[in-house]
Structure formats: structure tokens, C-alpha cells
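Residue numbers (this note's numbering): 6 to 136.
Worksheet for the structure shown next.
Now the structure itself:
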């Protein structure tokens with residue numbers, strides 16, 4: 006299932022806290038539109054981005070980055086971490102953000118832009134053992 010988000014550029018990043026179980030797959034999908042000057046919601050063309058990552062910053066300022074699996078023209082993005090990815094994150098709290106870099110000449114950002122779409126706290130925990 007995809008969550009639909011409409012925001013103004015000035016209101017980004019959107020606050021989003023997440024929970025991840027270490028060693029287990031995790032996925033979330035969004036459809037994102039910008040509404041500037043009440044012109045109506047327009048999906049962001051993420052296919053123009055040259056950088057598209059989820060970045061996790063630990064308390065010691067170590068950053069672990071993962072490329073996003075889907076970043077499409079229709080505002081669709083998917084953050085999918087497989088078990089090997091989540092196993093790279095030690096248990097604990099991280100500051101995380103979803104970052105996009107659009108080059109000059111891109112469809113939605115003709116002058117180029119660095120866009121932090123989501124930012125929040127990521128809690129990485131032990132998986133619940135099977136009974």
C-alpha cells in the first residue's frame with residue numbers, strides 16, 4: 006500500500022519516524038506531490054534525480070546510506086531494505102532522512118535542487134523471535 010503525501014516545498018522535510026527490525030526486510034511506499042502557490046498537487050518527477058538515498062546517522066555521526074529501489078516520474082518512491090541492509094544497522098536510535106539531488110534542467114527543478122523529503126527518528130530493534 007502506498008501513502009499519498011502532498012506538501013509545499015517550504016514545508017519539507019516531512020517528519021516521519023520509522024521502526025526497523027535488524028536482519029529483516031522493511032519497505033514503505035509513497036506517492037508524493039508538491040502544491041506550490043495553490044496551483045494544485047503535482048506529482049514530483051523523481052526519475053530525474055541523480056542521487057536518491059535513505060541516510061541513517063548514528064549517535065557517533067557515522068552515516069549509512071541505501072539507494073532507493075523506486076523513484077519514478079509519477080511521484081512514486083519506494084524505500085525497501087532487505088535483511089542484509091537492515092543487518093548493517095546496529096540496534097538503537099538513528100536520525101534518518103530521504104535525500105534527492107536533482108540536476109539543473111530536471112523537469113520539476115529546472116535550476117536543480119537538493120531535496121530532503123522525509124526526516125525523523127529510526128529505531129532499529131531486535132526482531133521478535135519465532136515461538
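Glycine included, C-beta positions come from ideal geometry on N, C-alpha and C.
Source: prediction; values computed, not measured.
| Which full runs of the beta strand (DSSP E) of 3+ residues lie inside the region 26-105, going along the chain? | 31-39, 56-62, 68-72, 81-86
| Nearest-angstrom Cα separation, counted from residue 89 out to residue 61 | 15 angstroms
| said: Mapping the DSSP letters down to three states, classify residue 135 as helix, strand or coil. | reply: coil
| task | Please go through the same chain and pick out, in chain order, the residues whose beta-carbon is closer than 6 angstroms to the beta-carbon of residue 50, but skip the five residues on each side of it. | result | 78, 112, 113
| Pick from 58, 23, 43 that is closest to residue 14, judged by C-alpha positions | 43
| Does the beta-carbon of residue 58 have 16 or more other beta-carbons within 10 angstroms, so that it is buried, or is it exposed? | buried
| Contact belief for residue 131 with residue 20 at Cβ below 8 angstroms, rounded distance in angstroms | The Cβ separation is near 25 angstroms, so there is no contact.
| said: Can you find the residues in the same chain that come closer than 7 angstroms, C-beta to C-beta, to residue 73, ignoring five residues on each side of it along the sequence? | reply: 57, 58, 59, 82, 83, 84
| request: Run the CB neighbour count on residue 16, radius 10 Å, all protein chains shown included, and call it buried at 16 or more, exposed below. | output: Classification for residue 16: exposed.
| request: Note down, in chain order, each residue of its chain lying with its Cβ closer than 7 angstroms to the Cβ of residue 105, except the 5 sequence neighbours on either side. | output: 51, 54, 56, 57, 120, 122
| message | I need the straight-line Cα distance from residue 31 to residue 86, nearest angstrom please. | response | 5 angstroms
| query | Out of 46, 63, 135, 126, which has the shortest C-alpha to C-alpha gap to residue 12? | reply | When each option's Cα is compared against that of residue 12, the closest is 46.
| Euclidean distance between Cα positions of residue 48 and residue 76 | If you draw a straight line from the Cα of residue 48 to the Cα of residue 76, it is about 12 angstroms long.
| If you draw a straight line from the C-alpha of residue 107 to the C-alpha of residue 100, how long is it? | Distance between the alpha carbons of residue 107 and residue 100: 23 angstroms.
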